[in-house]
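Data first, discussion second: the structure below is written as structure tokens.
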Amino acid sequence: MKEIIIKQLTLLNFKCVRDLTIDFDSRVTNISGRNGLGKTTIFDAFTWLLFGKDSQDRKKFDLKTLDSSGRIIAQLPHEVSAIIAINGEEVRLTRRFSEKWVKRAGETEPVFTGNEEERFYNDVPCSAKEYDAKIADICNETVFKFITSPVCFSAQSAAAQKQMLFKMAGSITDSEIAAGNEDFERLLELITGKTLEEFKKEIGAKKTRLNGEITDIPGRIDEKKRDLSLIPEQDWAALEKEREAKQNERAEIVNQFEQFAAAQRKANSQRLADIEELGKLRSKKSQRVNEVTQEATAGFYEKKQAQNNLQFQITSLRGEIDNHNRSIETAEREIKACAETRERLIKEYQRLYKQTAEIQAEQLEFNESEFICPTCKRPLDIADIEARQAEMTENFENQRGIRLQRVADAIEENKRLGKANNAKREQYEAQIEKCRADIKTAEDRIKEIEASPEFSEIITEPNVKPLLDSDTVIAELDKEIQQLEAKTAEEVPQADNSDLKARHNALNVEIDGITADLRAKEVRSRLQNRISELETKYQSLNEEIAELERLEFTITEFSKARSEAIERRINGLFSLVKFRWIATAINGAEKETCEATLNGKPYSTCSAGEKILIGLDIINAISASQGIFAPIFIDNAESLTRELPMKSQIINLRVSFDDKLIIKNGIDK
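Just so we're aligned: the sequence shown equals residues 4 to 672 in the working numbering.
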């Protein structure tokens, strides 16, 4: 048995309450005042402290304090703390909610970046997981909600109420309810591996599917019968015999077509052979013409090719001359740049040489102020002065040596650049000389070619037509070609089979007509088979639906039997409340429910005071069942006119005309 009592509760900037501390009586504490002063806020604060939710089980609710204009007051800490006794052992709980404000670089005002929440158990900070675990050790959250608010349990769904009541009453097995009832025992065999509700849903789904299937079957049967009536019976054997005769006649015509086609293919094959031979003769003639032409023009093309080669050489040499001239222009520009670089380097050398002389001529001068003690302002001793002068002289010489070395390095670099510049200039000058020599060689070669007889000779193409006209081989090929051209120009005779085609087409039409008539036989057979299938299926579906409806009735009766057994056990846990498990509609239909009643009056129709009384009786039963008693917050307690003995601590929240909260401990007489 566990007893939880609130000893003290402190609210700081929680909703409408700025700062409030309440010391509670271990049995009864009465808190009254007009609406809006924060009575319900006290309950919200306690549930938020434990579970991070308000008394209506909401995680998201506005707990921040507002000003008179309804705006959130920024940067306020929000905190609830409590001292509770658990079987006499005191525990201090604290939950703090704060805003995070950060001043970023370059900004004058801090910026809101979010909220943070802190939790303390006996003043020791805890993570959310650690804190929740410690609270769960005190009391299960669901049970705590049920035993601290008279209206919480009845506000749950029927399924949630049943779950808790079944847990309180202990289990009644389905086997105990079904014992001695054959229908119930058969039902339990069918639902193996499922709950009764799942099996009921399964049956409902099957019925819906079967009803969907069966609905249109009668119409489909009538439709198939109407289609069958539109197809009359015929002499199907006579139609088959007539079609076979016409198919044989058509096959004979097709055979005649094939004979005509074979003769035509033979004639076409001979014509193709003649055309192929004609092509070969023409190819031979073309080859002979090429041979005669090549013999007659051989010398002409050789001389023409040699002359073209000489012209190509001249063109190539002139291209080389142009390239050499461009290279000369580029080299001359580079030589000019080298001259400019030389002038710049000479000036730089002269400046560096002068700088060297200036550095060597520098002298160190001592200032008397450098030899006075900075502390006492008196001249230093002779030894100290000489030591400092020696040090200054050494530093001066070291610095001058470094500077002279830098200038010397710059002079050496200047000389290196000068030598490289001269080498570059000499390279370009040599390139110009070579290009001019190559230009002279190319120009001399051009003059030599242009002066040669082969270049200036006028070459005339010979006339080969007389040679072709007098060639006997070409004349013989022309004769053969003319004979084959005349032969292939003749048309191949075509056989006249138009009458056969007409008869063949007519037979196709007649055979298609008979085949269409015979298809009616197949359609009639399919329709008759389909009608038989639909009628069988219709009967089978009706039988399945009837069986499912019998199962539904058995489930309903089983649920009623189970509800009655559980109802008897559960109602024995309460002093005032009884629960009803079956609700009857106006049309007489029954459905499962779970609703508390007081003197037969359903909870939903009770007054506010009666609902509180029902809730207190339920709390007594749950507390006794779970072995835990916790503070009960009774909101609108002024509506309660009847007392019920309670073992738990009571906090009455009453509406009064007081302009501030009035807190009284002990029973209010």
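Ideal placement from N, C-alpha and C gives every residue a C-beta, glycine not left out. All of these numbers come straight from a predicted model, not from anything done at the bench.
Where the alpha helix (DSSP H) through residue i begins and ends
i	result
residue 598	Not the alpha helix (DSSP H): residue 598 falls in the beta strand (DSSP E), residues 593-601.
residue 486	475-492
residue 616	611-629
residue 472	468-472
residue 457	456-459
Segment limits, beta strand (DSSP E) that includes residue i
i	result
residue 37	Element bounds for residue 37: n/a, residue is neither H nor E.
residue 117	114-124
residue 668	665-668
residue 424	It is not in any beta strand (DSSP E) - residue 424 instead sits in the alpha helix (DSSP H) that spans 385-453.
residue 101	92-105
residue 582	580-587
residue 234	From DSSP, residue 234 is part of no beta strand (DSSP E); its letter is neither H nor E.
residue 128	127-129
Alpha-carbon spacing of residue i relative to residue j, whole angstroms
i	j	result
residue 359	residue 345	21 angstroms
residue 580	residue 602	8 angstroms
residue 261	residue 243	27 angstroms
residue 265	residue 503	16 angstroms
residue 523	residue 259	33 angstroms
residue 438	residue 454	25 angstroms
residue 248	residue 516	14 angstroms
residue 230	residue 211	30 angstroms
residue 417	residue 352	7 angstroms
residue 5	residue 169	22 angstroms
residue 631	residue 7	8 angstroms
residue 368	residue 434	59 angstroms
residue 124	residue 198	43 angstroms
residue 205	residue 555	11 angstroms
residue 422	residue 334	18 angstroms
residue 339	residue 409	31 angstroms
residue 543	residue 593	30 angstroms
residue 70	residue 17	13 angstroms
residue 396	residue 388	12 angstroms
residue 413	residue 354	11 angstroms
residue 302	residue 468	17 angstroms
residue 146	residue 646	23 angstroms
residue 176	residue 629	21 angstroms
residue 420	residue 447	41 angstroms
residue 673	residue 625	The chain is shown only over 4 to 672; residue 673 falls outside these bounds and no answer can be derived.
residue 15	residue 44	12 angstroms
residue 163	residue 150	15 angstroms
Where residue i sits in the DSSP three-state scheme
i	result
residue 80	coil
residue 646	coil
residue 513	helix
residue 203	helix
residue 634	coil
residue 22	strand
residue 17	strand
residue 672	Low local confidence applies: a pLDDT of 46 at residue 672 is under 50, so the model's placement there is unreliable, with the coordinate-based value given in what follows. If DSSP states are grouped into helix, strand and coil, residue 672 belongs with coil.
residue 10	strand
residue 63	coil
residue 108	coil
residue 540	helix
residue 605	strand
residue 465	coil
residue 249	helix
residue 228	helix
residue 377	coil
residue 269	helix
For residue i, the residue or residues it bridges with in DSSP
i	result
residue 655	33, 637
residue 69	75
residue 86	11, 95
residue 5	631
residue 221	In the DSSP output, where bridge partners are listed per residue, residue 221 has none listed.
Practice prompt. Ignoring anything shorter than 4 residues or poking outside the stretch 144-210, list the alpha helix (DSSP H) runs there in chain order.
Written response: 144-151, 161-172, 177-181, 185-193
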